[in-house]
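Chains as they are written, first to last, in the working numbering: chain R, 40 to 332; chain Z, 369 to 642. As C-alpha cells, the structure follows; a few thoughts come after it.
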Ligand SMILES: Nc1ncnc2c1ncn2[C@@H]1O[C@H](COP(=O)(O)OP(=O)(O)OP(=O)(O)O)[C@@H](O)[C@H]1O
Ligand SMILES: [Mg+2]
C-alpha cells in the first residue's frame, strides 16, 4: 500500500477523491509593473480522500489561505487544476456546486456571520440555494444540535463568545450539506477555551459524521489527531505524513520557522545530548514511558 | 455616546406588537410620520401621542428604554424649541432687549419639538419591537411592490441587514480603539470644538480601515456560502398577514382619519394654539 491510499476511510460514490490538486501555481497580481510577482503557490499536488482529516501547517504567508481560496473557487489558479469531487474549480457553471460541496470556515468569527440572529445566519446558505422554508427549519435544528448550539437558536451573534460564533459559522456550512469542510485557521482568534470548543466540534464532525476535514492552523497540537499533515513553506509543499512522521522532523520544522509540540522538542533536545529516545514522542505520557523504561 | 442610541436595537418581549407582520409595522410607522406633518393642532397631537402611548404599552417595552433613544436628541430638540421660539416673527407676547417671543413662535416651537420627539420615538419603537431581520424582510417585501425601486429591493435590504448586524460589532470596536488611543495618551475630553474634532481622526481612521477589511472578508464568506443576489433565493420565514395585522390597519385608518379631520375643526381655545 502506498502512502496515499493508506488513509482512505471511505470511498466516494464516483470513486473520485474529495479534493484533488495537480501542479497548481498562483501569483497574486501586482500593481507595480516593475515588481516581480511573488509566487503564492508553486506546483502544489494534493489529494484528500473522503473521511480524511488533513492538516495544513506553514508559517505566515506560506500560501495556506491562497490554497483554500482556490479550492473554494474564490481565486482561479494561474496554472494547474483543482477538482472538488471531480468538478474543476475553473468551471464557472459548477462554482455553486463546488462551494456547496466543499464549505469553508474562515478565521475571523465576526466577519462571516451575515445575520443578526443565529438561526437565520445558519439558514443563509440554504436560502441562497433555494431550499424551501420548512426544510430549512428542520435542517437548522439539526445542525445547531450537531455543533451543540441548540440553546442559542434565537441569540444574536454579538452576544456569543468567539468559540460559539465559530460553531455557528460551522453550523451555517453544515446546513448546506457539504462533503468536506475547509477550515482556514478557525481557532487563530480564539482564547484557549474557544479553541478547545471548536476543535472538539471539528473532530466530532470528522469522527462521528464522516465529514472530510481540511484544517489549516498554526497550532501543531490541533493536528495530533489528523490522518495526515501537509507542511507548506513559501508556496510549496515541503512535507506530507502522519503527525508522528511530521513532528519527528524537528530540525526541518524549525528551519522553516514552525514550532513542534513541547514533548517532541524535548525529546529532540535530549537526543542531541546523546540520550537514546524515539523520535516520535508527542505527549507527556509517552515521554514518561520512554524515559522510565 | 454610541451606547445611548436605541435605534436599531431589538428589545424582544414577545408582545402583540412584536408579533405583527413587519410590513404592517413599517407601513404604520411610515404613515405615522407623514401624519405628524399633517397635524397642526393640539387635538391632532393628542391623538398622535395617544396612539404612540398605546403602542408602547402594548409592546411591553419599558418606557425608560424607549425614552433612552431620545437622549442623543435632547440637544436638537432644545435647539429647535429655542430657535423657533425666538426667531419666529409675529404677535409679540414677551420682550426683553432684543429677545422676543411671539405667539406664532411659541406655537411653532412647541409643535416642532413635539413632532421631533414623536417622530424619533415612533421610529425607535418600531425598531425596538421588530427584529432587524424582520425589519429588512419587511422593507424588502414593501419595496418589491414599488415599480421604480423593485430591482434594488433585495440588495438594499441585504445592505440594511448587514449594517444592522455590524452596528454592535463596530461599536465595540470603536470602544476598543478609543481605549487604545487613550492608553497612547490621546485626549478626547479637553480643547475647543476643532481640537476635539481633530482628536476623532485617530479613532475614525482605524475604524474605517477595519470596516473595509471586514466588508471584504464578509463578501468572501457570503460567496463561499453560495450568495448570488436575490434571484432564486428562498427564505426561512415567509411573511404572512394575520388577524392582528388587519386590526392594526383598521386602527391606522381610524387614526389617520381622526388626525386629518382635526385640521378642519375650529377650536374654541384662544391662546396660543388656534
Ligand atoms: N490579496 C492579496 N494580494 C496580494 N498578495 C497577497 C494577497 N493575499 C496574500 N498575498 C500574498 O500571498 C502569499 C501567501 O499568502 P496566504 O495568505 O496564502 O498565506 P497564509 O499561509 O494563509 O498565511 P497566514 O498564516 O498569515 O494566514 C503571501 O506572500 C501574501 O503576502
Ligand atoms: Mg491565512
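The C-beta atom is built at its ideal place from N, Cα and C for all residues, glycine as well. Here the structure is a predicted model, which is why all the values come from computation and not from measurement.
Check, Outcome
"Segment contact flag, the region 264-282 of chain R with the region 114-128 of chain R, C-beta cutoff 8 Å, min 3 pairs", "no"
"Closer than 8 Å to chain R by CB, residue 643(Z)", "The displayed coordinates of chain Z run from 369 to 642. Any statement about residue 643(Z) would go beyond what the structure contains."
"Selection from 420(Z), 431(Z), 514(Z), 528(Z) that minimises the alpha carbon distance to residue 483(Z)", "420(Z)"
"3-residue-minimum beta strand (DSSP E) runs that sit fully inside the region 452-515 of chain Z, ordered along the chain", "460-464, 467-470"
"Distance cut-off 7 Å: residue 105(R) Cβ against heavy atoms of ligand 1", "yes"
"Chain-order list of residues whose beta-carbon lies under 7 Å from that of residue 381(Z) (same chain, five-residue window excluded)", "427, 428, 429"
"Identity of the residue in 229(R), 243(R), 227(R) nearest residue 210(R) by Cα", "243(R)"
"Burial state of residue 335(R) (16 or more Cβ within 10 Å)", "The displayed coordinates of chain R run from 40 to 332. Any statement about residue 335(R) would go beyond what the structure contains."
"Identity of the residue in 62(R), 272(R), 112(R) nearest residue 102(R) by Cα", "272(R)"
"Interfacial residues, the region 496-511 of chain Z to chain R, with Cβ spacing under 8 Å", "499, 500, 501"
"Beta-carbon proximity of residue 535(Z) to residue 571(Z), cut-off 8 Å", "no"
"Supposed contact pair residue 240(R) and residue 643(Z) - C-beta distance, whole angstroms, cut 8 Å", "Beyond the ends of chain Z as shown, which are 369 and 642, falls residue 643(Z); an answer cannot be given."
"Within 8 Å, strictly: CB atoms of residue 153(R) and residue 202(R)", "no"
"Residue 258(R): CB within 7 Å of a non-hydrogen atom of ligand 1", "no"
"9 Å Cβ cut-off: residues of chain Z touching residue 153(R)", "526, 529, 530, 533, 586, 589, 590, 593, 595"
"Closest residue to residue 437(Z) among 573(Z), 391(Z), 496(Z) (Cα-Cα distance)", "496(Z)"
"C-alpha gap between residue 608(Z) and residue 499(Z), whole angstroms", "16 Å"
"Inter-residue spacing [alpha-carbon to alpha-carbon] between residue 332(R) and residue 293(R)", "28 Å"
"Ligand 1 heavy atom lying under 7 Å from the CB of residue 77(R)", "yes"
"Distance CB(residue 270(R))-CB(residue 96(R)) smaller than 8 Å", "yes"
"Per-residue contacts from residue 601(Z) into chain R (C-beta, under 9 Å)", "166, 167, 168, 169"
"Supposed close pair residue 253(R), residue 215(R) - CB separation, criterion 8 Å", "16 Å between Cβ atoms; not a contact."
"Near ligand 1: residue 100(R) beta-carbon under 7 Å from a heavy atom", "yes"
"Under the three-state DSSP convention, the category residue 92(R) falls into", "strand"
"Completely contained beta strand (DSSP E) runs for the region 128-171 of chain R, where each covers 3 or more residues", "141-144"
"Test item: CB-CB of residue 85(R) and residue 65(R) under 8 Å", "no"
"Residue 224(R) Cβ short of 7 Å to ligand 2 heavy atom set", "yes"
"Proximity test, residue 30(R) beta-carbon vs ligand 1 heavy atom, cut-off 7 Å", "In this structure chain R extends from 40 to 332, so residue 30(R) is not present and cannot be described."
"Helix, strand or coil at residue 78(R) [DSSP, three-state]", "strand"
"Distance cut-off 7 Å: residue 67(R) Cβ against heavy atoms of ligand 1", "yes"
"DSSP bridge partner residues for residue 275(R) (one or two, in chain order)", "272(R)"
"Run of the alpha helix (DSSP H) containing residue 379(Z), from where it starts to where it stops", "Taken as a continuous stretch (DSSP letters only), residue 379(Z) belongs to no alpha helix (DSSP H), as it is neither H nor E."
"Helix, strand or coil at residue 112(R) according to DSSP, with G and I counted as helix", "coil"
"Same chain only: Cβ atoms within 6 Å of residue 47(R), ignoring 5 sequence neighbours per side", "Caution is warranted here: a pLDDT of 39 is assigned to residue 47(R), below 50, making its placement in the model unreliable, and the coordinate value is therefore given only provisionally. Same-chain partners within the cutoff: 88."
"Residue-level contact to chain Z via CB, residue 119(R), 8 Å cutoff", "no"
"contact_flag[the region 137-157 of chain R, the region 220-234 of chain R] where n(CB pairs < 8 Å) is 3 or more", "yes"
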